[in-house]
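For the protein sequence lines, the chains are A and B, in the order given.
Residue numbering for the first sequence follows the working numbering, beginning at 35 and increasing consecutively.
Residue numbering for the second sequence follows the working numbering, beginning at 682 and increasing consecutively.
We put the CB at the ideal spot given by N, CA and C, even for glycine.
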Amino acid sequence: MAKRVLIADDEPNIVTSLEFLMEQAGMEVRVARDGQEAIDLAESFRPDLILLDVMMPVLNGYEVCQRLKSDPKLCHVRVLILSAKGRDVEVAKGRELGADGYITKPFSTRELVSKVRALLGQ
Amino acid sequence: MSPSSNRLFAVLRLPLLALVAVLAVAAIVWSDLEAPERAALAAVLTGPRIAMIGLLTVSALALLGVYQYRLAEATRQPALRIAESVQLVARSNPAHRLMQQGNSDLCAIAEAVNELAEQRERLLVDVETSVAQAKAGVEEEKNRFAALISELDQSVLVCNRDGRILLYNAAVSALLAPSSQPDAMQALGLGRSVFGVIDRSLILHAVEAIEGQGARGERESVHFVTATADGRRLRVRVAPVFGGASHPTPPGTGEEPAVRTMTGFVLLLTDVTEEVEIDARSVALFQDLVEGTRAALASIRAAVETLIENPDLDTPRRARFTSIVQVEAVRLSERLDMLSTDVSERLRERWPLAEMRGVDLLSLASRRIERREGLATRLETIDPDLWLRVDSFTLVQALSSLAGRLHEEFGVREVRFRLQAGGAHAQLDVAWHGVPMSSETAFTWQNDAFTLGGEDSPLSLAQVMERHGGEAWYQRDVPTQTNYFRLLLPLASEHAAARARPRRPNRPEFYDFDLFHHSGATDAFDARRLTELTYTVFDTETTGLDPANGDEIISIGATRIVNGRMLQAETFESLVDPKRGISPASIEVHGITPDLLVGQPGIDQILPRFWRFAEDTVLVGHNAAFDMRFLQLKEAQTGVKFRQPVLDTLLLAAVVNPSEASQSLETIAGRLGVTIIGRHTALGDALATAEVFLGLIPLLAAQGIHTLGEARAASQKTFYARLKY
């Protein structure tokens, strides 16, 4: 069965590439354009993994991550943070809040796909 | 009439009177005699008997004269001693009492004087008490000022017009005379010239600029950048200190402000080495970034635009252009990664954050929370050696506000702090026991402005963390039911931590600022008044008493007297390896055994340091000729020549009390009321000599000796000056 990936990012240009990439990798993809939408879609779409940007309107990526991880119904969702915020304090925060991985933008598409697969146990 | 002709007359007085009396009697008798009786008497007197009569008369008169002399002397000596002692009491030692000597009249005088001295002493004590009370207020202000200057991170130097250092704080010592450079330490001291530590021409230029501004009525301080001996860069700000006008000109009266003269200046020093370096590097980095990005983007843009304009490009060429886009994009990413870590570090360094021990920060926060918010606090696992780089004020505000809010909205009674290193940052946890907080609440709290007991602050925790280049988040440890906010804070750099722990010397010695008004060292020493000069009082211990035959110095001790005060904080003390044995007789005297001197520096190293210490001062010692001889004999070997004037307390004591037989340091000290501690250590003797010297100065003044030249001239005339080494 195809794995489900939720992409949460408000920047359309990167979303286009990510969507294409994930679909090409055989995933079923949905896109959320802000933090609240991400939570809502997480509940309804039930993704296996979420590609999470940090700088989003309404709720930022950290908040989304913490909420997901503290919700018993959703804490199994793998969280891969994909962010332009790359300082070590930010990476540390992401990790402490429960993210399963952190990739700084810009990134290699190949690396991204392999990381996603690894987190999905493929 | 001069004293000596006075004495001569006194001695001759009795015999002369006797002679006159006899002649008078003879004249009266003679006039009463009849002519034949006169003739008979004349016959008896003249002739051979005249010689006998003459001789007897002269002998009698001579005996009378001697008797007179003896009598006079018996009174004179004690009288002189009384006179000297009275002067001693009056000028130098109010506690001194006269001995009862000589005849009963003199004893009565001595007793009366003692009574007077007693009264005077009591009066002096009363006066002192009153003055002390009156000064208490002034002292407190001075202390406040001293505390301020002393604790400032800013280095402050106060100098008089000629560049004599009047005041400096610990920060200056750390900056200009770090313990890594012992020689620099000698150059920095009260009364010393600031030109020894900062370039003279720069300061003079700044002073001229200030005076020029003053004349034009402008009021800006001047600054310049200079380099220290060890290559650091200092920004020096020079601000004038004005004397003169006792009241400010009221504004709007249309009066010209009285022209004030500059009596001194204040130097504020800042180490800008890092700032300058950081600035330079930041600029370089930025340039790098811009240029590198331009280049890569150019390639990308050109390739992409080509692809767009030419949709029908053949496959190999198409592949070529797309490959360019990819390669350049990757290269740009890598470059960015490299630069971003560099840049974020530099940016952090630029924030004016202060280094502070983590423990201290938490103590501050705890105290505040306990007092203001009424919460208990506990410091749990704290790493005691952690040094943070923080804006302590806003951080304490943030912690306080957080604790207060927890108390109000969650009923939290106790807040616990944890502090440990976590990678490149410090982890500060603010923890409490209780029900979990929702992540919404946590995030809201982080972004809300502080409320501190009714006062609103514009800052939020998120902003404070941003300022520190750190991060914060809420977490819950389920097994222990502990909630905490974890704050990641920057650590102080190694170098900064070491520098932030300065030696804390005593408060700066406070000066009578009337050194402001003393002119510089341009006058020849001899014309200067004894009370105004700066002295280095020193003493040496040696291997023996024979400098010319190979005896060596084994210890030098010295102290400084500036403006009539001994400076406790500025002494010189050093043991010297004589590279030879010590005679048992001298070991008995000073107690320095050969094993104490093993590994001590040699005279070649110590003497130049001592020379530096005594630079520009008058040397003072007890039996200084002895010590000076040793120093002179070392000139060839060390290249160090002592050319300053020298005063000898032994000779000066003889000038003041020529009738005293013993002139040892102990006796003189006893007379002047000076207690000696640590006798026969070089420093101990130097200190005692210094106190004796200070006691002698007013006594010399009583004899009309006020200047150095006069003191030296008088010294040379004393008996002891005839002994030479």
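Determine the direct distance from the alpha carbon of residue j to that of residue i, and round the result to whole angstroms.
i, j, result
"HIS1114(B)", "ALA1130(B)", "24 Å"
"VAL875(B)", "GLU809(B)", "35 Å"
"GLN909(B)", "LEU1256(B)", "Looking at the sequence shown, residue 909(B) is not Gln but Thr. Taking the straight line from one Cα to the other gives about 30 Å."
"LYS139(A)", "GLN100(A)", "21 Å"
"THR1003(B)", "PRO992(B)", "13 Å"
"GLU765(B)", "ILE1357(B)", "23 Å"
"LEU722(B)", "MET780(B)", "57 Å"
"ALA896(B)", "ARG1038(B)", "48 Å"
"ASP1276(B)", "LYS1260(B)", "12 Å"
"ARG1001(B)", "LEU994(B)", "11 Å"
"GLY1365(B)", "ALA1173(B)", "44 Å"
"PRO1186(B)", "THR1388(B)", "Since pLDDT at PRO1186(B) reaches only 39, below the 50 mark, its modelled position is unreliable, and the value read off the structure follows with that caveat. Taking the straight line joining both Cα atoms gives about 35 Å."
"VAL725(B)", "VAL767(B)", "58 Å"
"GLU889(B)", "VAL917(B)", "15 Å"
"LEU857(B)", "PHE826(B)", "22 Å"
"GLU990(B)", "GLU71(A)", "38 Å"
"ARG873(B)", "PRO1289(B)", "17 Å"
"ALA984(B)", "VAL39(A)", "33 Å"
"GLU1089(B)", "ILE1050(B)", "13 Å"
"PHE690(B)", "GLN1325(B)", "46 Å"
"MET1118(B)", "SER1044(B)", "26 Å"
"GLN1156(B)", "PRO997(B)", "55 Å"
Report yes if the C-beta distance between residue i and residue j is below 9 Å; otherwise report no.
i, j, result
"GLN1078(B)", "LEU1140(B)", "yes"
"GLU77(A)", "VAL65(A)", "no"
"LEU1034(B)", "ASP1066(B)", "no"
"THR1252(B)", "ILE1263(B)", "no"
"VAL1111(B)", "PHE1091(B)", "no"
"ALA815(B)", "LEU787(B)", "no"
"CYS88(A)", "ALA118(A)", "According to the sequence as given, residue 88(A) is Val; it is not Cys. Taking 9 Å as the Cβ cut-off, VAL88(A) and ALA118(A) qualify as a contacting pair."
"PHE1407(B)", "ILE1234(B)", "Given that chain B is displayed from residue 682 to residue 1406, the structure contains no residue 1407(B) and the question cannot be resolved."
"ILE84(A)", "ILE41(A)", "yes"
"GLY69(A)", "VAL98(A)", "yes"
"MET943(B)", "ILE891(B)", "yes"
"ALA753(B)", "ARG688(B)", "yes"
"THR1370(B)", "ASP1297(B)", "no"
"LEU1226(B)", "SER1267(B)", "yes"
"ILE1386(B)", "VAL1336(B)", "yes"
"VAL111(A)", "ASP74(A)", "no"
"TYR136(A)", "PHE1124(B)", "no"
"ILE763(B)", "ALA791(B)", "yes"
"THR907(B)", "SER836(B)", "no"
Excluding five sequence neighbours on each side, which residues of the same chain lie with their C-beta closer than 7 Å to the C-beta of residue i?
i, result
"LEU1196(B)", "Because the pLDDT at LEU1196(B) is just 39, under 50, the model does not fix this residue reliably, and the value given afterwards should be weighed accordingly. Cβ within range, chain order: ASN841, ARG845, LEU847 and ASN1244."
"GLU1009(B)", "ALA977, SER980 and ILE981"
"ARG1210(B)", "HIS1387 and THR1388"
"ALA699(B)", "LEU742 and LEU745"
If I measure Cβ to Cβ from residue i and keep anything under 6 Å in the same chain, skipping five residues before and after, which residues do I get?
i, result
"ALA920(B)", "SER902 and VAL947"
"GLY818(B)", "none"
"LEU945(B)", "As written in the sequence, residue 945(B) is Gly, which differs from the Leu given in the question. Cβ neighbours of GLY945(B) beyond the five flanking positions: CYS840, ASN841, ARG842, VAL922 and PHE1197."
"PHE1323(B)", "LEU1312"
"HIS1271(B)", "GLU1222 and HIS1361"
"GLU1054(B)", "ALA1084, GLY1085 and HIS1088"
"GLN782(B)", "PRO759"
Under the assumption that residue i contacts residue j (Cβ atoms under 8 Å), give the Cβ distance between them as a whole number of angstroms.
i, j, result
"VAL113(A)", "LEU93(A)", "In fact, because the Cβ distance is near 14 Å, the residues do not count as touching under 8 Å."
"TRP1126(B)", "ARG1086(B)", "7 Å"
"ALA1143(B)", "ASN1128(B)", "5 Å"
"ALA1239(B)", "VAL1218(B)", "6 Å"
"SER854(B)", "LEU869(B)", "7 Å"
"ILE1242(B)", "LEU1380(B)", "So it is not a contact: roughly 16 Å between Cβ atoms."
"ALA1392(B)", "LEU1328(B)", "6 Å"
If you drop the 5 nearest sequence neighbours on each side, which residues of the same chain put their C-beta closer than 8 Å to that of residue i?
i, result
"GLU1477(B)", "Coverage of chain B is limited to positions 682 through 1406, which leaves residue 1477(B) absent and any answer about it impossible."
"HIS777(B)", "SER766, LEU769, VAL770, ALA798, ARG1352 and GLY1354"
Runs of beta strand (DSSP E) lying entirely within the segment 1238-1293 of chain B, each at least 3 residues, in chain order: 1246-1256
Whole runs of the beta strand (DSSP E) within the segment 1087-1113 of chain B, excluding any shorter than 3 residues: 1095-1103
Continuous alpha helix (DSSP H) assignments of at least 4 residues falling wholly in the segment 719-785 of chain B: 730-768
Complete runs of the alpha helix (DSSP H) confined to the segment 876-914 of chain B [at least 4 residues]: 881-897
Whole beta strand (DSSP E) elements within the segment 1305-1390 of chain B, 3-residue minimum: Entirely contained in the segment 1305-1390 of chain B, the beta strand (DSSP E) runs reaching 3 residues are, in chain order, 1327-1329.
Near-chain E residues of the segment 1097-1110 of chain B (beta-carbon distance less than 8 Å), N- to C-terminal order: Absence of chain E from the displayed structure is noted, the protein chains being A and B.
Uninterrupted beta strand (DSSP E) stretches inside the segment 56-142 of chain A (no shorter than 3 residues): With a minimum length of 3 residues, the continuous beta strand (DSSP E) runs that stay inside the segment 56-142 of chain A are 62-66, 83-86, 112-117 and 135-138.
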